[in-house]
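If you read the protein sequences in the order shown, they are chains A and B.
Going by our numbering, the letters in the first sequence line up with residues 39 to 520, in that order.
Going by our numbering, the letters in the second sequence line up with residues 546 to 1331, in that order.
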Amino acid sequence: MAETLATTTFHLNGTPVTADTAPTDTLLDWLRVARGLTGTKEGCNEGDCGACTVMVTGPDGVPRALNACILFVPQLQGRAVRTVEGLAAPDGTPHPVQAALVTHHGSQCGFCTPGIAVALACAHATGATDHADRIAGNLCRCTGYAPILRAARAAETAPVPAHLAADRAQDFDVPQVSSGGGGAAPHPGGRQPPASAAYALHPTDLDTFADWYAANPDATLIAGATDVGLWVTKQMRDLPKVAYLAGLTALRGIEVTDTHIRIGAMATLNDLRPVMEVHHPAFAELIRRYGSDQVRNAATVGGNIANGSPIGDSPPPLIALGATLHLRRGAARRTLALEDFFLAYGKQDRRPGEFVEAVTVPRQPDRLRVWKVSKRFDQDISAICGAFRITVDAGRVTDARIAFGGMAATPRRARAVEAALMGQAWTEATIRAAMGAFSDDYQPISDMRASSTYRLEVARNLLLRRWLADQGRETSVLLVTA
Amino acid sequence: MSEGIGARVKRKEDKRFITGKGKYTDDIRMENQAYAAFVRSPHAHARVNGIDASDAEGMEGVIAVLTGAELKADGIGNLICGWAISSKDGSPMNMGPWSALATDRVRYVGDAVAVVIAESPTLARRAAEKVAVDYEELPAVAHADKALAKGAPQVHDNAPGNLIYDWGIGEEAATDAALAASAHVTEMHITNNRLSPNPMEPRSAVATFDESEDHYTLYTTSQNPHVARLVLSAFYNVAPEHKLRVIAPDVGGGFGSKIYIYPEEITCLWASMKTKRSVKWTADRSEAFMTDAHGRDHITTAKMGFDKDGRITGFKVDTIANFGAYMSLFSSAVPTYLYATLLSGQYNIANIYANVRAVYTNTVPVDAYRGAGRPEACYLIERMMETAARELGLDAAELRRRNFITQFPHQTPVIMAYDVGDFGGNLDKAQKAANVAGFPARKAEAARRGKLRGLGYSCYIEACGIAPSAAVGSLGAGVGLWESAEVRVNPVGTIEILTGSHSHGQGHETTFAQIVADRFGVPINNVSIVHGDTDKVQMGMGTYGSRSGAVGMSAIVKAMDKVEAKIRKIAAHQLEASEDDIVIEGGEVKVAGTDKKMAWHEVGLAAYTAHNLPAGMEPGLKEGAFYDPVNFTFPAGCYIAEVEVDPDTGVTKIVQFTAADDFGTIINPNIVEGQVHGGVAQGIGQAMLESVVYTDDGQLLTGSYMDYAMPRADDVPFYTIEHNTTVCPNNPLGIKGCGEAGAIGAPPAVINAITDAIGSNDLSMPATPARVWAAISAARPRVAAE
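Take a look at the structure:
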């Protein structure tokens, strides 16, 4: 049986390594089994608990926290990876966050501790002080978190250890294609490569990739792998043909012009967040709650849209902002309004071999408000995510775009509500009347996250809240909880 | 700096934990390692008509597919519940058979029917998918009240009506009479939500059979490796005790769920013998949700009577406890002797009667989870008290004060005899720290922001130590609940403590060393704590029920007493003094009032060289002790939660949480406060986020962290922690225990605060935004336009 191996070269704890793996071997398995680095733990294998957090430094030199359990080894090409074993200095001096965890009793059973130490070290390296947010993706069942947060605070002022500075982007050649090579067996205990002819592409040139994907529409595109990772680790799916898009730098950028904000499909949620902090702060706050730091560092805007989930959190605000989706197949490009991309549950207007290239948002005065309601503040699936862009001129509503997630089988606009608002006086009476139109727009389901009644009522109340915000009762996404 | 009792010593174990060098079961890889994956039932209830493993067996890398029939044929015994509870009519509990691999019938989603042994974990899982099981689906029942309904699907043939036992405690007639004569009766229907313990380390087992010695070694995620060995040997017939070594290395949290011996450990041991390979299995998180013993899941109706002065006259409780599909190891004791015996709370109640019915359902077995029975009791009592105060128009704290037990010892009508406490003092401390006096102003300020602010109390008491052996034996326990220790002073004066307790986050390597440092004046770095290995450590009972301090450390003290006695004899002999004049302090053994002394290590050396010992004395300096306490211990305290509720969405935020605990003597305040923090976080999790959800037909909906909401850093507040110490009179260190208090005390405080905020008593856990919003909506006329 011909075994397809992917060869990936990167730095591990300061030392160059070459990994021959199956295309969908995860970094976590490779570290634990092939390298015997068992400090990185498996707590859930689906990116929810952070026990496997590693520090990954890319070409921009910024260390980021990522979940090793849903990170395929080929995604690391040219990166520098640091695990908990590599946090302390070569002479054994603990990293400041490690020392602080001891001082503040931030570890009890020790199992989540490596992931927490790495997450804190990533935050420390970038001078971040939003500690609760930085470890929102790390579950700890023992400490109640307060001691960990105290430790993080205590370590803030300590300098970044010199040995970590070596993890600047490594200048490795990124191979265009690595497939079918090598005779080496996959490592014991790792995921076996599929028996069928497998293929792994690691493109750097967008045109080449576009042609290849048009010819290979059955391939799975791997951007951040926060969802595809689960297909492999949880559903045991074979992915015989994959393309890792990490090398497509042309897809990653976010460009702000006089007329538009153009968000490349490979821009991560954490790439988008600072841009939105400037232009649409409510969107930026939503991104904070979108997923953990680890997930936001991996997950891409294009992936979140193309995935088509009814509860993906980026479509509602993007639709409310009037976003346009840019699709490409080979050399052919087309655009459509983002709301038109979502056809039905699990079905999008994307043709075989077509991929999301970008999404553009017109520049506009900031009238966007977004609220996410979920059981838990962080890292939770939305029961409801509601986005409003309502423009009022001379006391009348001149424009209303409202979009919700969690209210229908797809992210969807509330057109009846919009119609009930348009041209009307921006008054409580108008709002009360428009609240009644929600049941024309949506017949939400009852599930474990919320009942149909609750969803409808909260949607109505969010509209009321949108109006109240203009009456001086401003409520940010963050303040939904207080 | 002192390293003794009361010192905030940094933990010794942290060095390996912060560097990723901890050794957990899944980190262990044996020579010739093979991997197990279980074939699990997708049905909540089904007959198994056949298993066809031929496709799986034909896969490259598959070593074996083993089934329950083979397991049975090899004489592996059924899993058992080790605590016998009889019904009111004297009949024994109805324990249904539980085979490690089901043969004819599966009874919950996740029930294993076969195991695949393969060369890699992935291969094993893929092959498990290929095992074809012929299931004939049967009607299922998932919820306790429905299981008792007429015509409900029958989970076990020998438990008619799904009833395991119908047990009672207290005087029913007297309680009825007291209620009838009461000026006011508060009645509530209370559900205690089902929880998944979720230690961050999933369960794991590495079993290795040595054919040449007929010997087994099991590395496993256990809170009590000796009990595991005993049960695996005596009841499951895996191997005799002397041919089975059980090692629980670093264990990543337990919270009760790692007390029990599960089908997977049994199967891995047996499969190792069958395949002559070392067999490893590690649960993934979905399996953890599906197969780790759950906690809580009570449905209760209760009535509490009061006289005209607000004094409790009687308390009558009717509880249905969901046990899941099989009786787990200690399941039967949880809603009986760990629950109903605590129904007096901190209050003087002359008449209590509790009826508890335990039922089978088609869900994963339910057993002890942090607090175990006591959180259910505390939640019930403290919600009743708060609701009663509202109904009586009394301040919630005042009503409690009127009813506090103030004289000790105090015999409750439900077995427990409280030894000591200061319940009013706990409440005072908590009220002061929480600035209760300033609450009305804070509430008014929140109202101006459109938020509903509420304050809730919880005055909890628990029975810890899980002890004494004779007492638990008389109540049906199959084991004694003492603890053991051995103190070895080495020839160079360093010390090893072999303890039957097991640390899985509690910091025993540090606190246990502290009591040695305190006693002998040696640095804690010269003391090693050895635990978790049946080959190294004498029989011990393990760690649960907040017993490692009160019982485990008492055993160490008892062994140190013996060591000290021998040291006195040796030193008296060598220094030509009277034993009574020997003092041990600062790392020296001295003759009081003289300059005659020996360095600590010289005593050890003298004991082992044995050149000059008192006549007839055995060489060496090593003593063992078994400690069996005379009573439970009774940690108690007062928690005050303050919340703000957004009335539009029901989103609730805990804005302040205050704990005033009485744990008796505290060895290391850092570690004790850490236990409170963690316990309170779990309590808040139960109150606001966590709930295991099964559909009516037994499908598990909460199978991942996306669907089971665990508390994260932003969900829990910073806590204010106060201590109000009364020393436990019944053990040498005066320790009561602290491991479960937070999980016991926090839920009612949180719910009492939310119900205070929203002005409705009708709210169940978890108080998700949707539920809080529904409670607000139900209690108020709707304002929103339709």
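Idealized CB from N, CA, C, for every residue including glycine.
Interface partners of residue i on chain A, CB under 8 angstroms
i: B/L1234; result: K413 and R414
Where residue i meets chain B, residues with beta-carbon distance less than 8 angstroms
i: A/G81; result: M745, E746, P747 and R830
Within chain B, partners of residue i - CB distance below 9 angstroms
i: A/I325; result: The premise fails here: A/I325 is roughly 15 angstroms from chain B at the closest Cβ pair, so nothing lies under 9 angstroms.
i: A/G77; result: T564, G565, K566, G567 and D572
i: A/L187; result: A1258 and F1263
i: A/L177; result: N743, M745, Y1250, M1255, P1256 and R1257
i: A/R503; result: D1193 and T1194
i: A/D86; result: R830, S1249, Y1250, M1251 and M1255
Interface residues of chain A facing residue i [CB-CB closer than 7 angstroms]
i: B/I563; result: P132, Q136, L139, V140, S145, T151 and A155
i: B/F1263; result: A184
i: B/T1313; result: K413
i: B/K555; result: V140 and T141
Alpha-carbon spacing of residue i relative to residue j, whole angstroms
i: B/Y963; j: B/P1013; result: 14 angstroms
i: A/I173; j: A/G329; result: 11 angstroms
i: A/G52; j: A/T45; result: 19 angstroms
i: A/V198; j: A/L104; result: 19 angstroms
i: A/S477; j: A/A370; result: 40 angstroms
i: A/D129; j: A/L158; result: 21 angstroms
i: B/Y914; j: B/I550; result: 29 angstroms
i: B/V686; j: A/F442; result: 36 angstroms
i: A/D124; j: A/V135; result: The residue you asked about is not Asp; residue 124 of chain A is Gly in the sequence shown. Those two C-alpha atoms are separated by around 13 angstroms.
i: B/G715; j: B/N1276; result: 28 angstroms
i: A/A235; j: A/R388; result: Its pLDDT being 45, under 50, A/A235 is placed unreliably by the model, and the measurement read from it follows with that caveat. Spanning the two alpha carbons is a distance of roughly 26 angstroms.
i: A/D404; j: A/Q417; result: 26 angstroms
i: B/I1303; j: B/A1226; result: 23 angstroms
i: B/K557; j: B/R928; result: 41 angstroms
i: A/P61; j: A/L69; result: 15 angstroms
i: B/G567; j: B/R561; result: 5 angstroms
i: B/S749; j: A/A89; result: 16 angstroms
Three-state secondary structure assigned by DSSP to residue i
i: B/E605; result: coil
i: B/S631; result: strand
i: A/Y492; result: helix
i: B/W712; result: strand
i: B/V610; result: strand
i: B/F754; result: strand
i: A/N345; result: coil
i: B/A866; result: strand
i: B/V1317; result: helix
Under 7 angstroms by beta carbon: chain B residues contacting residue i
i: A/C180; result: G798, G1050 and G1223
i: A/Q417; result: R1257
Cross-chain neighbours of residue i in chain A, by beta carbon under 9 angstroms
i: B/E558; result: S145 and G148
* Under 9 angstroms (Cβ pairs) to chain A, residues found in the segment 1245-1260 of chain B -> Those would be L1246, T1247, S1249, Y1250, M1251, D1252, A1254, M1255, P1256, R1257, A1258, D1259 and D1260, in chain order.
* Using a beta-carbon distance cut-off of less than 9 angstroms, what residues from the segment 299-324 of chain A approach chain B? -> Within the segment 299-324 of chain A, not one residue has a Cβ closer than 9 angstroms to any Cβ of chain B.
* Asked: Going along the chain, which residues of the segment 1041-1058 of chain B sit with their C-beta nearer than 9 angstroms to a C-beta in chain A?
  -> Within the segment 1041-1058 of chain B, the residues whose Cβ lies closer than 9 angstroms to some Cβ of chain A are S1048, H1049, G1050, Q1051 and G1052, listed in chain order.
* Asked: Using a beta-carbon distance cut-off of less than 9 angstroms, what residues from the segment 907-935 of chain B approach chain D?
  -> In the displayed structure, chain D is absent; the protein chains listed are A and B.
* **Cβ-based contacts, 9 angstroms cut-off: residues of the segment 796-809 of chain B near chain A** => For the segment 796-809 of chain B, the set of positions with a beta-carbon nearer than 9 angstroms to some beta-carbon of chain A reads V796, G797, G798, G799 and F800 in chain order.
* To do: With 7 angstroms as the C-beta to C-beta threshold (strictly closer), list the residues of the segment 1060-1077 of chain B near chain A in chain order.
  => For the segment 1060-1077 of chain B, which is checked against every Cβ of chain A, not one residue is closer than 7 angstroms.
* Using a Cβ-Cβ cut-off of less than 9 angstroms, give me the residues of the segment 480-501 of chain A that come near chain B, in sequence order. => Residues passing the 9 angstroms Cβ filter: D485, M486, R487, A488, S489, T491, Y492, R493, E495, V496, R498, N499 and L500.
* At a Cβ cut of 7 angstroms, what residues of the segment 853-886 of chain B count as close to chain A, listed as they run along the chain? -> Within the segment 853-886 of chain B, no residue has a Cβ that lies closer than 7 angstroms to any Cβ of chain A.
* To do: Select from the segment 109-124 of chain A all residues with a C-beta closer than 8 angstroms to any C-beta belonging to chain B, and list them in chain order.
  => Under the 8 angstroms Cβ criterion, the segment 109-124 of chain A contributes T121, V122 and E123.
* Taking any Cβ of chain B, which residues in the segment 263-276 of chain A have a Cβ under 8 angstroms from it, in chain order? -> Within the segment 263-276 of chain A, the residues whose Cβ lies closer than 8 angstroms to some Cβ of chain B are K272 and M274, listed in chain order.
* Would you mind listing the alpha helix (DSSP H) stretches within the segment 1083-1171 of chain B that are 4+ residues and don't spill past its ends, in chain order? => For the segment 1083-1171 of chain B, whole alpha helix (DSSP H) runs of length 4 or above, ordered along the chain, are 1099-1120 and 1145-1154.
* To do: Check each residue of the segment 458-481 of chain A: if its Cβ is closer than 8 angstroms to any Cβ of chain B, include it; give the result in chain order.
  => Listed by position, the residues of the segment 458-481 of chain A near chain B (Cβ gap below 8 angstroms) are R470, A471, M473 and G474.
* Looking at chain A, which residues of the segment 655-675 of chain B have a Cβ within less than 8 angstroms of any of its Cβ atoms? -> Correct list: E664, S665, P666, T667, L668, R670, R671 and E674.
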